[in-house]
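One structure below.
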Amino acid sequence: VADVPMPEPGAGEVLIRVAYCGICGSDMEAYHTGMYAPGLILGHEFSGVIVAAGPDVADWKPGDRVVVNDAIPCGQCLPCREGRLDACESLYMIGVTHDGAMAEYCVAPVRGVHRLPEGVSLRRGALVEPLSVALHGVQRSRLKPGDRALVMGAGPIGLLTLQCALLAGARRVAVTEVDPTRAALARKLGAALVLDPTRDNVSVALSALTDGQGPDVIYVCTGAPQPYRDAISLVRKGGQIFVLGLCVEPVEADFMSVALGDLCIEGSLAGRAAFPAAIDFVAQGRVDVESLITHEIALDDVVDKGFRFLDTPGSGAVKVLVRIAGEQPAGG
């Protein structure tokens, strides 16, 4: 943790006093590998209160409580012109390409700023961004009411995907997870079956759950490589594998089985299109985000009680939330 100059909002930007910021799996990867620019401030899952606006900003004012879509498309490249904004070739990404929210203040383009409804705490608001990723993935997938699904990995994205799949009408959702704390939380949040792939025969258990067919859709929500290989043999013929996790390691896979099984493999990075709905889901209590927050820490403790703690086997952590300004009254 270091002192840096106060950022200033430019044209089309606002300055936000950060309330809470979650530590994401991609933040952990950056901590381990240093894959971003030296000195870049991490953090993209956050909420806060606007304290200043750029000279041309009229719709936002100091005191507005906000959450931010961290991935802002350019609007000019081919994917953007095709309407695939999350596939933008020049994404402005808070905490990735530009300084993020693990700081007292953060600048954000107004194109990514959303108002947080009254009655929704800033603490819960910090989970809107990961919820938008999970919700967008489920909406993009082929899941239909009555389908059976498997979520591989019960981290925050996996647990949110579990809830979104159930809300979308999935008849049964199974989860694979090795960590007992996360497995227990998956059961609490509605998983029909929770399997430990190091102990359980996942294939046999899923066959029994799905009348011998296999899951209609598998959501891979982990950074570990093995589930990406396993998904091909577990999904039903004609089924879909939807990738929501970020695995930095190259993965060898059986693509002969992809062709023979008439499988669809698809993925998504962010959740821009689902962001307003994610806010509504939190405001209406349709998704339980509070149960995912297992630890809340101060900004000064982000290394020892955040990144290093999350690296500790058996930590029992799901979502570690960094409390910066915390809950703030109207007017900031």
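Counting from 42, one number per residue, gives the positions in the sequence shown under the numbering used here.
All C-beta atoms in this analysis are idealised placements derived from N, C-alpha and C, irrespective of residue type, glycine included.
Query                                                                                                        : Result
Buried/exposed call for A60, threshold 16 Cβ in 10 Å                                                         : buried
CA nearest to the CA of G75, picked from A319, Q325, V289 and P103                                           : V289
Closest residue to D188 among A175, A71, G194 and L203 (Cα-Cα distance)                                      : L203
Same chain only: Cβ atoms within 8 Å of G373, ignoring 5 sequence neighbours per side                        : For G373, the predicted model reports a pLDDT of 46, less than 50, meaning its position is unreliable; a value from the coordinates is still stated below. Answer for G373: R58, V90, I91, V92, P103 and G104, listed in chain order.
Collapsed DSSP secondary structure at H85 in the structure displayed                                         : coil
Rounded straight-line distance, which links the Cα of I365 to that of A144                                   : 7 Å
Local Cβ density within 10 Å of R223, reported as buried at 16 or more and exposed below that                : buried
Rounded distance between the beta-carbons of V216 and G199, thought under 8 Å                                : 7 Å
Exposure of F296, with buried meaning 16 or more beta-carbon neighbours within 10 Å                          : exposed
Endpoints, alpha helix (DSSP H) assigned at M297                                                             : F296 to L301
Same chain, Cβ closer than 6 Å to G84, five either side skipped, listed in chain order                       : C62, G136, G141, A142 and M143
Cβ-Cβ distance between K360 and I334 below 8 Å                                                               : yes
Enclosing beta strand (DSSP E) for K360 [first to last residue]                                              : K360 to R364
Neighbour flag for D345 against chain D, beta carbons, 8 Å                                                   : Absence of chain D from the displayed structure is noted, only one protein chain being present.
Within 8 Å, strictly: CB atoms of L184 and A206                                                              : yes
Reduced DSSP category for M134 - H, G, I as helix; E, B as strand; rest coil                                 : strand
Simplified DSSP state of V42, which is helix, strand or coil                                                 : coil
Proximal residues to M134 (C-beta, below 8 Å), its chain only, five neighbours per side dropped              : H85, D111, A112 and I113
From H73, L247 and V109, residue whose alpha carbon lies closest to that of V258                             : L247
Whether L172 touches L126 by CB criterion (8 Å)                                                              : no
Backbone secondary structure at Q204 - three-state DSSP                                                      : helix
Buried or exposed (CB count within 10 angstroms, at least 16 for buried), M47                                : exposed
Counted within 10 angstroms of its Cβ, other Cβ atoms place R165 as buried (16 or more) or exposed           : buried
Residues near E54 in its chain [Cβ-Cβ closer than 6 Å; skip 5 each side]                                     : G95, V148 and P150
K8 to S162 span [Cα, whole Å]                                                                                : Beyond the ends of the chain as shown, which are 42 and 373, falls residue 8; an answer cannot be given.
Rounded Cβ spacing between G194 and C262 (contact assumed at less than 8 Å)                                  : 4 Å
Identified DSSP bridge partners for G308                                                                     : V284
Contact set for D329: own chain, Cβ-Cβ below 8 Å, skip 5 residues either direction                           : Q204 and L230
Backbone secondary structure at R181 - three-state DSSP                                                      : helix
Alpha carbon of E368 to alpha carbon of D241, nearest angstrom                                               : 43 Å
Segment limits, beta strand (DSSP E) that includes L236                                                      : L234 to L236
Closest by C-alpha distance to A99, when choosing among R152, D342 and T239                                  : R152
Any 3 or more C-beta pairs closer than 8 Å across the segment 303-323 and the segment 176-183                : yes
Ranges of the alpha helix (DSSP H) found wholly within the segment 329-362, counting only runs of at least 4 : none
Option nearest L362 by Cα separation, candidates A43, A167, V284 and D271                                    : A167
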